[in-house]
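Colleague: Protein chains in written order, with full-length UniProt numbering: chain Z, 1 to 88; chain H, 1 to 227. Input: one structure, supplied below.
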Amino acid sequence: MARVVVDVMLKPEILDPQGQAVANALPRLGISDVSSVRIGRRIEIEFTGAADPERVREIADKLLANPVIEDFTIQEVAEEAVPAGEPS
Amino acid sequence: MSARVGVVTFPGSLDDGDAARAVRVSGGEAVRLWHGDRDLHGVDAVVLPGGFSYGDYLRTGAIARFAPVMESIVDGARAGLPVLGICNGFQILCEAHLLPGALTRNSHLHFRNRDQWLRVHASNTAWTNSFETDQEILVPLKSGEGRYVADQATLDELAANGRIVATYLRGNPNGSERDIAGVTNEAGNVVGLMPHPEHAIEALTGPSLDGLGFFTSILKHLAGASA
C-alpha cells in the first residue's frame with residue numbers, strides 16, 4: 001500500500017485573493033511581519049498496491065491541478081509515517 | 001424542422017431550465033441532455049448551463065469535465081459542433097481545454113450578482129452573429145469565480161485574432177484580465193461567457209431582451225449551415 005501526497009499551489013504569477021485576505025487578517029492577531037500568504041491544497045492518495053509515478057503524475061496533471069493556473073509537487077510518503085494532524 | 005439545441009444537466013446545474021426556455025423562446029427545440037449519458041441524441045448544438053456542477057469540488061468545472069456526456073461534446077466540438085458554455089459552462093469548457101485560460105476567484109472575493117453591461121466584439125461566431133460588432137448589451141452576471149486569466153501570450157493571441165467575444169463595460173466586476181467576459185475558440189464554434197444571456201430574454205424577468213441574440217444567432221448559424 002502506497003501513500004502519495006500531492007501539493008497544488010497557484011502559480012506565482014496568479015493572484016491569490018484568499019491568501020491576501022488571510023494576510024490582511026494577521027495584524028488582528030498582532031502579527032505584523034508577514035509579507036505574503038498563499039493558499040494551496042494538499043491531497044493525500046492511498047493506492048491499494050504500489051504507486052506508479054507516471055500514473056500519479058497523470059492524476060495530478062489531469063485532475064488535481066489545472067496546469068493553466070497551478071503547479072503541483074508529488075511525494076511518496078512512507079507507510080508508517082504519522083498522518084498529518086495526528087499527535088505523534 | 002426547427003434546430004435542436006441540447007442543454008446539459010449536471011448534478012448541481014441551476015440554469016438548465018432557463019437555458020432550455022431561452023432556446024424555445026428563440027424558436028428552437030430544446031433537448032435536455034443528461035451528464036451521465038454519452039448520447040447527444042442528434043442535437044445540432046449544445047449549451048452547458050450555469051450552476052455549481054459537482055458542487056464545484058476541487059475547482060469549478062474540474063469534475064464535470066470528466067462526465068460521460070463531455071466526452072461526446074469534446075469530440076463534437078473539435079469536429080465543429082457549436083457549444084456555448086455559460087458561467088459554470090464556461091468554466092467547464094476551460095477545464096476541458098476547448099477554450100484557453102481559466103476562471104478563478106473574483107479578485108475582491110465577493111460573489112457578484114448584478115445586471116452587467118457588455119460590449120460584444122466578436123460578432124462572427126456561431127453564437128454571436130445576430131449582434132453588431134461593438135454592440136452594447138445588458139445581461140445578468142452572478143458568479144464568485146468569474147475572473148478570466150490566461151498568460152500574456154494567450155491574451156495577446158485572443159485579442160489579435162478577434163477571439164475576445166465580449167468584455168465588461170462600466171466597471172470590471174471580478175478582476176478579469178483585459179475585462180474579458182467571454183472568449184471563443186479558433187473555429188468560432190465554441191463560446192464561453194461568464195454572464196447569463198438566458199436570463200435576459202423576457203421583459204418580465206430580465207433587465208433587457210439582449211440575451212436572445214445568442215440563441216437567435218445559433219439558430220441563424222444552423223439554418224445557414226443546412227441551407
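Note that CB positions come from ideal geometry on N, CA and C, so glycine has one too.
S2 of chain H: which of H:T9, H:L14, H:V23 sits nearest, CA to CA?
Modeller: Within the second sequence, residue 2 of chain H is the residue found at index 2, counting from 1. If we check each option's Cα against that of S2 of chain H, H:V23 comes out closest.
Colleague: At what residues does the beta strand (DSSP E) containing M70 of chain H begin and finish?
Modeller: For the purposes of this step, residue 70 of chain H is taken as the residue at position 70 of the second sequence. Here M70 of chain H belongs to no beta strand (DSSP E); instead the alpha helix (DSSP H) covers 68-78.
Colleague: Given this structure, state the Cα-to-Cα distance separating I63 of chain H from E157 of chain H, to the nearest angstrom.
Modeller: Position 63 of the second sequence, counted from the start, is the residue given in the question as residue 63 of chain H. Position 157 of the second sequence, counted from the start, is the residue given in the question as residue 157 of chain H. If you take the alpha carbons of I63 of chain H and E157 of chain H, they lie about 28 Å apart.
Colleague: Does the distance from the C-beta atom of R78 of chain H to that of G42 of chain H stay below 8 Å?
Modeller: Residue mapping note: residue 78 of chain H aligns to position 78 of the second sequence, counting from 1. Residue mapping note: residue 42 of chain H aligns to position 42 of the second sequence, counting from 1. No, Cβ-Cβ distance for R78 of chain H and G42 of chain H is not below 8 Å.
Colleague: Under 8 Å, Cβ to Cβ, is there at least one residue of chain Z near S123 of chain H?
Modeller: Here residue 123 of chain H corresponds to residue number 123 of the second sequence, with the count starting at 1. Output row for S123 of chain H: interface = no.
Colleague: Can you tell me the Cα-Cα spacing of K142 of chain H and A160 of chain H, whole angstroms?
Modeller: In the second sequence, counting from the first residue as 1, residue 142 of chain H sits at position 142. In the second sequence, counting from the first residue as 1, residue 160 of chain H sits at position 160. Taking the straight line joining both Cα atoms gives about 28 Å.
Colleague: Below 8 Å on the Cβ atoms is my contact criterion, and I expect N106 of chain H with E145 of chain H to pass it. Report the Cβ-Cβ distance as a whole number of Å.
Modeller: For the purposes of this step, residue 106 of chain H is identified with residue 106 of the second sequence, where counting begins at 1. For the purposes of this step, residue 145 of chain H is identified with residue 145 of the second sequence, where counting begins at 1. Contact holds; Cβ gap of about 7 Å.
Colleague: Quick check on DSSP: helix, strand or coil for residue 236 of chain H?
Modeller: In the structure displayed, chain H extends from 1 to 227; residue 236 of chain H sits before or after that span and is not available.
Colleague: Pull up the distance between the alpha-carbon of I45 of chain Z and that of P67 of chain Z, whole angstroms please.
Modeller: Counted from its first residue, the first sequence places residue 45 of chain Z at position 45. Counted from its first residue, the first sequence places residue 67 of chain Z at position 67. Those two C-alpha atoms are separated by around 19 Å.
Colleague: If you follow the alpha helix (DSSP H) that P17 of chain Z is part of, which residue opens it and which one closes it?
Modeller: Working through the first sequence from its first residue, we reach residue 17 of chain Z at position 17. Segment 17-25, the alpha helix (DSSP H) holding P17 of chain Z.
Colleague: Using a C-beta cutoff of 8 Å, does P12 of chain Z count as contacting chain H?
Modeller: Position 12 of the first sequence, counted from the first residue, corresponds to residue 12 of chain Z. Not closer than 8 Å to any Cβ of chain H, the Cβ of P12 of chain Z fails to qualify, so no.
Colleague: Here's the rule: buried if 16 or more other CB atoms are within 10 angstroms of the residue's CB, otherwise exposed. What is A153 of chain H?
Modeller: Residue mapping note: residue 153 of chain H aligns to position 153 of the second sequence, counting from 1. It is exposed - the Cβ of A153 of chain H has fewer than 16 other Cβ atoms within 10 Å.
Colleague: Helix, strand or coil for I218 of chain H? Go by DSSP, reduced to three states.
Modeller: Looking up residue 218 of chain H in the second sequence gives position 218. Three-state result, I218 of chain H: helix.
Colleague: Is any heavy atom of the ligand ZN found at a distance shorter than 7 Å from the C-beta of R3 of chain Z?
Modeller: The ligand ZN is not among the ligands present in this structure, which contains no ligands whatsoever.
Colleague: When you compare the CB positions of Y148 of chain H and E186 of chain H, do they come within less than 8 Å of one another, or not?
Modeller: Indexing the second sequence from 1 puts residue 148 of chain H at position 148. Indexing the second sequence from 1 puts residue 186 of chain H at position 186. In this structure, E186 of chain H does not lie closer than 8 Å to Y148 of chain H by Cβ.
Colleague: Listing by chain order, which chain H residues have their CB less than 9 Å from the CB of A60 of chain Z?
Modeller: One-based indexing of the first sequence puts residue 60 of chain Z at position 60. Here the premise fails: no neighbours, minimum Cβ distance about 12 Å.
Colleague: So with Cβ pairs under 8 Å, would you call G101 of chain H a contact of chain Z?
Modeller: Within the second sequence, the letter at position 101 stands for residue 101 of chain H. For G101 of chain H, the answer is yes, since a Cβ of chain Z falls inside 8 Å of its Cβ.
Colleague: Which residue marks the beginning of the alpha helix (DSSP H) containing A30 of chain H, and which one marks its end?
Modeller: What you label residue 30 of chain H is simply residue 30 of the second sequence in a count that begins at 1. Looking at the DSSP string, A30 of chain H is not in any alpha helix (DSSP H); the run it does join, the beta strand (DSSP E), is 29-34.
Colleague: Please name the residue or residues paired with W117 of chain H in a DSSP beta bridge.
Modeller: Here residue 117 of chain H corresponds to residue number 117 of the second sequence, with the count starting at 1. In DSSP, W117 of chain H forms a bridge with H:L138.
Colleague: With a cut-off of 8 Å, does the C-beta of V7 of chain H fall near any C-beta of chain Z?
Modeller: Position 7 of the second sequence, counting from 1, holds the residue named residue 7 of chain H. Closer than 8 Å: no.
Colleague: So L84 of chain H is in the beta strand (DSSP E); what residue range does that whole segment cover?
Modeller: Numbered from 1 along the second sequence, position 84 holds the residue referred to as residue 84 of chain H. Per DSSP, L84 of chain H belongs to the beta strand (DSSP E) from 83-86.
Colleague: Which residues in the same chain have their Cβ closer than 7 Å to the Cβ of T104 of chain H, if we skip the five residues on either side of it in sequence?
Modeller: In the second sequence, the residue the question calls residue 104 of chain H occupies position 104. Cβ neighbours of T104 of chain H beyond the five flanking positions: E145, R147, V149.
Colleague: Using a Cβ-Cβ cutoff of 9 Å, what residues of the region 106-120 of chain H are near chain Z? List them in chain order.
Modeller: Of all residues in the region 106-120 of chain H, N106, S107, H108, L109 have a Cβ within less than 9 Å of some Cβ in chain Z.
Colleague: Just by C-beta distance, which residues in the region 7-36 of chain Z are closer than 7 Å to chain H?
Modeller: Those residues of the region 7-36 of chain Z that come within reach of chain H (Cβ to Cβ, closer than 7 Å) are I14, L15, P17, Q18, A21.
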